[in-house]
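Below is one structure; the comments refer to it alone.
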Amino acid sequence: MTSPTGLKLWIEGARLRTLPAAIAPVAVGTGAAAFDDGVVWWKGFVALGVSLALQVGVNYANDYSDGIKGTDENRVGPLRLVGSGLVAPAKVKAVALAFLALGAALGLVLAATSGWWLIAVGALAILAAWGYTGGAKPYGYRAPGGGSGFLFFGLVAVLGTTYVQLGTINDVSVAGAIGVGALACAILVANNLRDIPTDTETGKRTLAVVLGDRRTRWLYAALVMTAFVLVVAWCATETPWALLAWLGIPLAARSVAAVRSGATGPALIPVLKDTGIAELVYAIGLTAGLFIGPV
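Here the numbering used here runs 118 ahead of the position in the sequence shown, where the first position is 1.
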């Protein structure tokens, strides 16, 4: 296959298929603010900018860090810029830092208008983005790193989006944060499930490596069930329109079926795509339900 060049190469490195994980929490957080008539649209769009910038930044940062450590040399998944040798590591690092800086700048706008203590939250998120695979002891190579998606692209992103608009958090924002976080974590679990053989060879002790193949597959299914059953049921007690989140069930069910059937290697790549889209559809449905509000 011919490798992409120029802008197409950088777009490939940005991993656009991961962006639903950045859009979903901001949508749900805004929906939770709307549930209590507290939407501030410009803050919602700035929060979206922060989330997207950090997601792209962490993608390039992971590409750079994994590439220079040599852990991407025999990977099964999509193209990596540094690991493939197509882009110099210094260039990828510079672009990663530029996107993280953009996220920081947008975050300062929200902090200045919503509470300066948010700077500490933003700083922690940026450090976590870089430290996932960067530095001497990347936490993404260890089992606890498996919860990072739940924490930052679930709890922090959803609750933060609600807070900057509403000035507080509410029950539906907490429920939504758990649901979106569970699906974000499911994407990471599926990714690490695919990489168990290569991660084991390179010394990565991800949660999937520690749990093993069978239990990782059960964990993936449990995370999806948490979002689509427990969280939707919780939100439905506030508004039955929350059931619109179930529009994502067909894609989620297909992904669970593939994981539970024993799909491995390249066969898990569609699972990552379907889980990301399912998360976005779930978030859109739940957000719509929250905007409609109580009946």
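The beta carbon of each residue, even a glycine, is placed where N, CA and C say it ideally should be.
In the structure shown, residue 323 adopts extended strand secondary structure according to DSSP, grouped into three states. Every alpha helix (DSSP H) of 4 residues or more that sits fully in the region 332-407 is shown, in chain order, as 350-354 and 367-378. For the pair residue 288 and residue 153, the CB atoms are nearer than the 8 Å cut-off. Between residue 377 and residue 361, the C-beta spacing is not below 8 Å.
Straight through space, the alpha carbons of residue 412 and residue 179 are spaced by roughly 42 Å.
Annotation: the continuous alpha helix (DSSP H) that includes residue 153 extends over 138-153.
A straight-line Cα-Cα distance of about 20 Å links residue 227 and residue 246. Between residue 144 and residue 404, the gap from beta carbon to beta carbon reaches 8 Å or more. Fully enclosed alpha helix (DSSP H) runs of no fewer than 4 residues occupy 207-232 of the region 177-243, in order along the chain. The criterion of a C-beta distance shorter than 8 Å is not satisfied by residue 261 and residue 320. Counting the other Cβ atoms within 10 Å of the Cβ of residue 333 gives fewer than 16, which makes it exposed.
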